[in-house]
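Numbering-wise, the sequence shown is residues 626 to 790 according to the numbering used here.
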Amino acid sequence: MATASSFDIVSDFDQQEMVNAIDQARRDITTRYDLKDTKTTVDLSAEAIVINTDSEFTLDAVHGVLREKAAKRKLSQKIFDYGAIESASGSRVRQEIKLKRGIEKDLAKQIVKDIKDEFKHKKIQASIQGDSVRVTSKSKDDLQAVIQHLRQQDHPVELQFENYR
């Protein structure tokens with residue numbers, strides 16, 4: 626009897642790569658001629674990045690630097706959830722950029738429904754497990770087909786496929 630194979634669909638990023646990208650962005654900001662006198666700060670926590678700078682114009686420039694450094698570190702642009710631009714003390718602006726991790730319930734339900742609709746003639750099960758989706762099947766070829774199908778979709782978060790066995 627064949628055993629079932631499975632994999633997990635997750636949405637995550639490498640925290641150390643994010644730390645490195647932020648460090649590179651800070652270095653770039655302190656040396657760039659248009660940004661070095663702005664007293665811009667970029668602070669990273671586990672869930673968000675907080676940017677404090679002197680104007681919306683420099684905020685846009687900092688966004689560009691941040692996106693460039695993240696892309697060089699192979700971090701998806703989809704992990705950034707830009708918050709509202711707030712006024713800070715001394716005519717400065719502040720913005721919090723939340724870092725998206727995990728698959729939200731609505732998106733997980735949509736992914737499960739999509740898999741069941743697309744592969745209804747194959748014996749593939751998809752189930753929500755916390756902030757990930759587990760897909761199981763007896764055929765590894767079917768699982769590969771599911772991965773290919775999901776890679777062709779445009780989801781609001783970056784999807785990774787883990788624990789393939």
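Glycine included, C-beta positions come from ideal geometry on N, C-alpha and C.
With H, G and I counted as helix, E and B as strand and the rest as coil, what does DSSP make of residue i?
i: Thr628; result: coil
i: Gly715; result: coil
i: Val782; result: coil
i: Arg790; result: coil
i: Asp756; result: coil
i: Asp637; result: coil
i: Asn645; result: helix
Shortest alpha-carbon distance to residue i belongs to which of the options?
i: Asp659; options: Phe744, Ser670, Asp679, Val644; result: Asp679
i: Ile674; options: Ile749, Glu721, Lys694, Val771; result: Glu721
i: Ser716; options: His688, Ser752, Thr683, Thr655; result: Thr683
i: His688; options: Gly708, Ala671, Arg776; result: Gly708
i: Ala713; options: Asn677, Leu669, Ser670; result: Asn677
i: Leu775; options: Glu711, Lys730, Asp739, Gln754; result: Asp739
i: Asp653; options: Gly727, Arg759, Ala686; result: Ala686
i: His780; options: Arg651, Thr628, Ile704; result: Ile704
Could you tell me how far apart the beta carbons of residue i and residue j are, in whole angstroms, since I believe they sit closer than 8 Å?
i: Arg719; j: Ala646; result: Contact doesn't hold; Cβ gap of about 20 Å is too wide.
i: Asp706; j: Lys725; result: 6 Å
i: Leu691; j: Met643; result: No, Leu691 and Met643 are not in contact; Cβ-Cβ is about 10 Å, not under 8 Å.
i: Ile749; j: Asp767; result: 6 Å
i: Lys694; j: Gln641; result: Contact doesn't hold; Cβ gap of about 14 Å is too wide.
Checklist entry - Considering only residues of the region 655-738, which uninterrupted alpha helix (DSSP H) runs meet the minimum length of 4 residues and lie entirely inside it, listed in chain order? => result 681-697
Next on the checklist: Under 8 Å, with one C-beta from each stretch per pair, do the region 762-772 and the region 727-737 reach the 3-pair mark?
Outcome noted: no
Next on the checklist: Does the structure place the region 779-788 close enough to the region 634-645 that three or more beta carbon pairs sit under 8 Å?
Outcome noted: yes
Checklist entry - Between the region 662-669 and the region 742-751, are three or more C-beta pairs nearer than 8 Å? => result no
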